[in-house]
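What follows is a single structure, written as structure tokens, with notes after it.
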Amino acid sequence: SQTIHQWPATLVQPVGSPLSLECTVEGTSNPNLYWYRQAAGRGLQLLFYSVGIGQISSEVPQNLSASRPQDRQFILSSKKLLLSDSGFYLCAWSVAGFDEQYFGPGTRLTVT
Amino acid sequence: AQKVTQAQTEISVVEKEDVTLDCVYETRDTTYYLFWYKQPPSGELVFLIRRNSFDEQNEISGRYSWNFQKSTSSFNFTITASQVVDSAVYFCALASGGSYIPTFGRGTSLIVHP
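If you're matching them up, the sequences are chains A and B in order.
Every position in the first sequence, counted from 1, becomes a number in our numbering once 455 is added.
Every position in the second sequence, counted from 1, becomes a number in our numbering once 5 is added.
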């Protein structure tokens, strides 16, 4: 069966510090991968998605970036965090764009 | 462009009541997919159902049922005899267009009181 891992679960970082969140999927090959952010107010904002290794599409211009160095690994990064980057970050995967998504447990990021 | 509207921000019911969560969608495509997800307090979204635009048949799964009506562009979700464990935020989502990247509604928070 497929499993999605995300870490860390919680993170407190000062403004201006770098960020690296990692997501890995097991039990499937060539998944679509997604990074979402959920700020207070509940809405899910799609940040990046990837349909293959090295293929990253950005939905929202900001100081975050994503990379997919391996088929089942998706990394969210920032060189300098802003207060506005605080939120709940969710990684998800799907077989294809029109398939249901399966979400990881999320990372709660607080930028102080 | 695609859009999903969940007009109900929060719904509060007492256990055993039936409750319907509304979802209205907009898309110009004839082929599209609709989804419902549940986000319990733990935070992890859980997939509940997927329907494609060519299948308007209603779906029932235990206490959950879904009513898909293309005529009103709605995909409503009903929980029968609600339970405290149903308390969560529920998201409706739509995937259409060439990439089928889903658009999520803003979610409806359901609170079920014992």
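In this text, a Cβ means the ideal position worked out from N, Cα and C, and glycines have one as well.
If we count the other Cβ atoms within 10 Å of its Cβ and call it buried at 16 or more, is residue i buried or exposed?
i: residue 74/B; result: exposed
i: residue 117/B; result: buried
i: residue 101/B; result: buried
i: residue 589/A; result: Residue 589/A is absent from the structure shown; chain A starts at 456 and stops at 567.
i: residue 457/A; result: exposed
i: residue 494/A; result: exposed
i: residue 90/B; result: exposed
Just confirm the distance between the C-beta atoms of residue i and residue j, as a whole number of angstroms; I'd bet it's less than 8 Å.
i: residue 115/B; j: residue 98/B; result: Between residue 98/B and residue 115/B the Cβ distance is about 17 Å, and since that is not below 8 Å, they are no contact.
i: residue 486/A; j: residue 523/A; result: Between residue 523/A and residue 486/A the Cβ distance is about 10 Å, and since that is not below 8 Å, they are no contact.
i: residue 553/A; j: residue 545/A; result: Contact doesn't hold; Cβ gap of about 19 Å is too wide.
i: residue 16/B; j: residue 113/B; result: 6 Å
i: residue 515/A; j: residue 502/A; result: 6 Å
Answer yes or no: does any C-beta atom of chain A fall closer than 8 Å to that of residue i?
i: residue 33/B; result: no
i: residue 73/B; result: no
i: residue 9/B; result: no
i: residue 109/B; result: yes
i: residue 3/B; result: Since the first residue of chain B shown is 6 and the last is 119, residue 3/B is not available in this structure.
i: residue 104/B; result: yes
i: residue 29/B; result: no
i: residue 94/B; result: yes
i: residue 40/B; result: yes
Tell me, please, whether the CB atom of residue i is closer than 8 Å to any CB atom in chain B?
i: residue 558/A; result: yes
i: residue 492/A; result: no
i: residue 497/A; result: yes
i: residue 503/A; result: no
Can you name, in chain order, every residue of its own chain whose Cβ lies under 6 Å from the Cβ of residue i, other than the five neighbours on each side?
i: residue 44/B; result: 50, 93, 94
i: residue 7/B; result: 32, 99, 101, 108
i: residue 507/A; result: none
i: residue 72/B; result: 63, 81
Can you check whether the C-beta of residue i is within less than 8 Å of a C-beta belonging to chain E?
i: residue 509/A; result: The structure shown contains no chain E; its protein chains are A and B.
- Query: Relative to chain A, which residues along the segment 50-67 of chain B have a C-beta separation below 7 Å, given in chain order?
  - Reply: Listed in chain order, the positions of the segment 50-67 of chain B with a beta carbon within less than 7 Å of a beta carbon of chain A are 50, 52, 55.
- Task: With 7 Å as the limit, tell me which residues of the segment 457-483 of chain A have their beta carbon closer than that to any beta carbon of chain B; keep them in chain order.
- Result: none
- Task: Pull out every residue of the segment 530-549 of chain A whose Cβ sits closer than 8 Å to any Cβ of chain B, in chain order.
- Result: Listed by position along the chain: 543, 545, 547.
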